[in-house]
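Student: Okay, handing you the structure first.
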Amino acid sequence: MQSKITAVRGSALTFVADPFLTAPENAFRYETDALIIMENGKIKSFGSFDSTKALLPSDIEIKTYRDSLILPGFIDTHIHYPQTQIIGAYGKQLIDWLNNYTFIAEQQFKNFSYAKSVAQFFLEECLKAGTTTVMTYCTVHPESVDAFFEAATEKNMRVIAGKVLMDRNAPPELLDTAQQAYDQSLALIKKWHGKDRLSYAITPRFAPTSTHEQLTLAGTLWSEHPGTYMQSHLSENLGEMAWVKELFPKSIDYLDVYDHYKLLGNRAVYGHGIHLSEREWQRLSETKTSLAHCPTSNEFLGSGLFNFPAAKKIERPVRVGLATDVGAGTSFSQLQSMNESYKIAQLGGFALSSIHAFYLATRGAAESLDLMNTIGSIDAGMEADLLVLNLNSTPLINFRMKHCKDIEEALFIQMTMGDDRATQAVYVAGALAYEKGL
Ligand code: GUN
Ligand code: ZN
210 MQSKITAVRG
220 SALTFVADPF
230 LTAPENAFRY
240 ETDALIIMEN
250 GKIKSFGSFD
260 STKALLPSDI
270 EIKTYRDSLI
280 LPGFIDTHIH
290 YPQTQIIGAY
300 GKQLIDWLNN
310 YTFIAEQQFK
320 NFSYAKSVAQ
330 FFLEECLKAG
340 TTTVMTYCTV
350 HPESVDAFFE
360 AATEKNMRVI
370 AGKVLMDRNA
380 PPELLDTAQQ
390 AYDQSLALIK
400 KWHGKDRLSY
410 AITPRFAPTS
420 THEQLTLAGT
430 LWSEHPGTYM
440 QSHLSENLGE
450 MAWVKELFPK
460 SIDYLDVYDH
470 YKLLGNRAVY
480 GHGIHLSERE
490 WQRLSETKTS
500 LAHCPTSNEF
510 LGSGLFNFPA
520 AKKIERPVRV
530 GLATDVGAGT
540 SFSQLQSMNE
550 SYKIAQLGGF
560 ALSSIHAFYL
570 ATRGAAESLD
580 LMNTIGSIDA
590 GMEADLLVLN
600 LNSTPLINFR
610 MKHCKDIEEA
620 LFIQMTMGDD
630 RATQAVYVAG
640 ALAYEKGL
């Protein structure tokens, strides 16, 4: 079979280290005129055009992007595809928002064809925003997982997803039992995990909606299937935290609930992590558990401010990936997540640079998912998921860019004012998956 080769040329930027832990100027590689050759879904070579052009077979056409920046596709480490239909729902804070909107919307996902149509729309929105990988929650219904994985397979996207587990404190239509949660998740792992570019995440929604029995079985299932993921929510909201304390009086703190059930470790990804003690930061770091930082959601639900200096303390750093948390998050665009993350960091006395922010949505997110050797960077051998960002996507950005002195400032302008209008093109596994105007 003839191997499929594509090639793109333009300026390109990728990360080689964590800028929170090394000098930011040493954390990235920037090529002003790069050539990226992709073959059979992977990056075959990446370098300056002059040094790389000889590697390209003469019959392959190069697609050249001007006034653009080629980046690794964005990765969204925490999102709820069934909540696409409730984005921007007015109201109070987390628990009311769950009861008034989320738990109503999620009931519709028992219907496979409905779920499939939402999954397809959702993935189109992700690609339009430049996001090529998501780690998403489905609903309690196995149909919602089948629908999502089918839709992702049709787009050949690398995704992580799982059935939500809830056996208390939600409407009866959304409840399973501890045993059903185990059996259905096991069947879904067997059906989908490791197939094409799909990975399974065991997904207890959060401590208040699972019993002792359900959390125990979730831990058992995870230990029985190395390589699968664990995802849940942690310390998002003060009311939620008081509730957890009431439900689990013997636990030292919120994180300790998950620790007790053996739900911490590499490939465990917890949304939010806003109100954490030093003990919890320590424990996240030593167990290599990741956090998904969800800035637009944290502002929208009035949850609180993520603490970057605490998360990235040099003696005990915690892996953090950027996330939208749609539908509590208000945009699919990781540029908008970066914009709000910068403001949150500022309110906490930390000036998040553009290098930090773009790292969190690419290589940093990949590290938080234990996928840094697979996605999130532009390098030979990595899967070829790329975003071509138009650096002049609106008249105001175009005007502002005329007064821009270097790449770090250019990135900062994009993250402050850019959104999905800046997505020029997206490549998934080496194939053009989205192009503006088509
Ligand atoms: N905590 C438990 N479930 C959810 C959810 O769906 N969204 C958010 N933001 N927090 C949660
Ligand atoms: Zn969430």
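Heads up: the sequence shown begins at 210 in this note's numbering, then just goes up one per residue. Backbone N, C-alpha and C define an ideal beta-carbon position, used for all residues, glycine too.
Around the ligand ZN, which residues pass a check of Cβ closer than 6 Å to any of its heavy atoms?
Tutor: His287, His289, His442, Gly480, Asp534
Student: Please report the residue range of the beta strand (DSSP E) in which Gly573 lies.
Tutor: Per DSSP, Gly573 belongs to no beta strand (DSSP E); it is in the alpha helix (DSSP H), 572-577.
Student: Could you tell me the alpha carbon to alpha carbon distance between Asn599 and Ile622, rounded to whole angstroms?
Tutor: 12 Å
Student: With distance defined between alpha-carbon atoms, name the residue in Ile398, Thr286, Asp285, Thr311 nearest to Gly297.
Tutor: Comparing Cα positions, the closest option is Thr311.
Student: Given a threshold of 16 other Cβ atoms within 10 Å of its Cβ, counted over all protein chains shown, does His421 qualify as buried or as exposed?
Tutor: exposed
Student: State the Cα-Cα distance for the pair Glu363 and Lys319, rounded to the nearest angstrom.
Tutor: 21 Å
Student: What residues in its chain sit with their C-beta under 6 Å from that of Gly639, if we drop five residues either side in the sequence?
Tutor: Thr215, Met247, Gly250, Ala593
Student: When you compare the stretch 344-356 with the stretch 320-331, are there three or more beta-carbon pairs, one atom per stretch, that lie closer than 8 Å?
Tutor: Yes, the stretch 344-356 is in contact with the stretch 320-331.
Student: What are the start and end residues of each continuous beta strand (DSSP E) run of 3 or more residues lying completely inside the stretch 403-448, in chain order?
Tutor: 407-413, 438-443
Student: With distances taken Cα to Cα, identify the nearest neighbour of Leu384 among Thr418, Leu407, Arg406, Ala396.
Tutor: Thr418
Student: Can you tell me which of Asp355, Tyr274, Phe457, Gly511 puts its alpha carbon nearest to the alpha carbon of Ala396?
Tutor: Restricting attention to Asp355, Tyr274, Phe457, Gly511, the CA atom closest to the CA of Ala396 is found in Asp355.
Student: Could you tell me which residues DSSP pairs with His289 in its beta bridges?
Tutor: Tyr346
Student: Quick one, which of Asp392, Glu433, Thr437 has its alpha-carbon nearest Lys404's?
Tutor: Thr437
Student: Using the beta-carbon count (16 or more within 10 Å), is Glu576 buried or exposed?
Tutor: buried
Student: Under 8 Å by Cβ, that's how I've got Ser220 and Ile279 pegged, so tell me the actual separation to the nearest angstrom.
Tutor: Contact flag correct, Cβ pair sits at about 7 Å.
Student: Report the residue from Thr342, Arg377, Val225, Phe258 whose alpha carbon sits nearest the alpha carbon of Leu456.
Tutor: Check the Cα spacing between Leu456 and each of Thr342, Arg377, Val225, Phe258: the tightest is with Arg377.
Student: Around the Cβ of Phe649, are there at least 16 other Cβ atoms within 10 angstroms (buried) or fewer (exposed)?
Tutor: A query on residue 649 cannot be resolved here, the shown segment of the chain reaching from 210 to 647 and no further.
Student: With a threshold of 16 other CB atoms inside 10 Å of the CB of Ala243, please say whether the residue is buried or exposed.
Tutor: buried
Student: Going by CA-CA distance only, name the one from Glu449, Ser267, Met366 that's closest to Gln302.
Tutor: Glu449
Student: Could you tell me if the beta carbon of Thr348 falls within a distance shorter than 7 Å of some heavy atom in the ligand GUN?
Tutor: no
Student: Per DSSP, Ile252 forms a beta bridge with which residues?
Tutor: Met247
Student: How would you label His612, buried or exposed, when you count the other beta carbons within 10 angstroms and need 16 or more for buried?
Tutor: exposed
Student: Could you round the C-beta distance between Leu426 and Ala387 to whole angstroms and report it? I think they count as a contact, below 8 Å.
Tutor: 5 Å
Student: For Asp579, tell me which candidate among Ser542, Ile284, Gln316, Ser602 has the shortest Cα-Cα distance.
Tutor: Ile284
Student: Using the Cβ count rule (16 or more neighbours within 10 Å means buried), how would you classify Gln292?
Tutor: buried
Student: Where do the ends of the alpha helix (DSSP H) carrying Glu524 lie?
Tutor: Looking at the DSSP string, Glu524 is not in any alpha helix (DSSP H), and its letter there is neither H nor E.
Student: Please confirm whether any heavy atom of the ligand GUN lies closer than 7 Å to the CB of Thr386.
Tutor: Look at Thr386: its beta carbon is at least 7 Å from all of the heavy atoms in the ligand GUN.
Student: Assign Ser540 to one of three DSSP states: helix, strand, or coil.
Tutor: Ser540: coil per DSSP, three-state reduction.
Student: So, with DSSP's three-state summary, where would you put Leu514?
Tutor: coil
Student: According to DSSP, is Asn607 helix, strand or coil?
Tutor: helix
Student: His287 and Val478 look like a contact to me (Cβ under 8 Å); what is the Cβ gap, rounded to whole Å?
Tutor: 7 Å
Student: Run the proximity test for Glu445: is its beta-carbon closer than 7 Å to any non-hydrogen atom belonging to the ligand GUN?
Tutor: Taking the Cβ of Glu445 as the reference point, at least one heavy atom of the ligand GUN falls within a distance shorter than 7 Å.
Student: For the candidate residues Tyr391, Ala410, Leu641, Gln389, whose alpha-carbon lies nearest to that of Phe358?
Tutor: Ala410
Student: How should Leu561 be labelled, buried or exposed, when 16 other C-beta atoms within 10 angstroms of its C-beta is the threshold for buried?
Tutor: Buried: at least 16 other Cβ atoms inside 10 Å.
Student: Cβ of Leu307 versus every heavy atom of the ligand GUN: is any distance shorter than 7 Å?
Tutor: yes
Student: Check His565 in the structure and name its three-state DSSP category.
Tutor: helix
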